[in-house]
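**Q** Mapping of the sequence shown onto my numbering: residues 309 to 499, in sequence order.
Glycine included, C-beta positions come from ideal geometry on N, C-alpha and C.
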Amino acid sequence: MATKLFLLLAICVLPVLVNANNKAFQIVGSVYCDACRAGFETSKCSYIHGIVIKLIIFHHQLCFFLQSLSHIIAFLGLFILFSGARVEIKCFDRSTLKLKYSIGAETDETGTYTIVVEDDHGDQICYATLVSSPIPSCSIVDPRRNKATAILTHSNGAISNLHYTNAMGFLQDTVADGCQELLLKLLQDDE
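1) Going by CA-CA distance only, name the one from 358, 401, 470 and 441 that's closest to residue 433.
2) Any chance the stretch 407-416 sits against the stretch 343-350, with 3 or more Cβ pairs inside 8 Å?
3) Flag this pair as yes or no: are the beta carbons of residue 481 and residue 445 separated by less than 9 Å?
4) If you reduce the DSSP assignment to three classes, tell me which class residue 367 lands in.
5) Check for me: the beta strand (DSSP E) holding residue 342 runs from which residue to which?
6) Using the rule of at least 16 other Cβ atoms within 10 Å of the residue's Cβ for burial, across every protein chain shown, is residue 473 buried or exposed?
7) For the beta strand (DSSP E) containing residue 475, list its first residue and its last residue.
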């Protein structure tokens, strides 16, 4: 009898305790500019990232530096941040499809976004979606790569709180030079 009670306790109570102690979800993904308008990532794609213009006064001279965030070292000065691509996580009720949760972020210096979500969204359908691009010539949302599924529940057997989404993309206004040759080469390699 005691063994059955212990087994019942282990099956019913321990999963609840484990889920109660879980940390926030960390959703990571990337956003690119599709220079070939191919609908997928190619070697001509570039990742859309935020940058910093740093104004430094050094020996009474004003110097302008355009640097990525990762190269900023401890200098005193004025920093002006240019935003990256804007992304949102949206969760919808599975039966009514009404929006239940939304949180946004921007891409960093590598074209990667990280969004921290505190709550388990159990039976909701959640997506990372594109909102905007800081590049005027690459601001058309690719309808084939405009959202990615985001898993925001511990009820699916996933152990890690770090989840990666598929890359999402914007289309460049005009096709870049060399794209036709690149796509022909990719098609030939596929055969």
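**A** In this structure, then:
1) 401
2) no
3) yes
4) Any answer about residue 367 is weak, because its pLDDT of 39 lies below 50 and its placement is not dependable; what the coordinates show is given next. Residue 367 falls in the coil class under three-state DSSP.
5) 333-342
6) buried
7) Counting along the chain, residue 475 falls outside any beta strand (DSSP E), and DSSP gives it neither H nor E.
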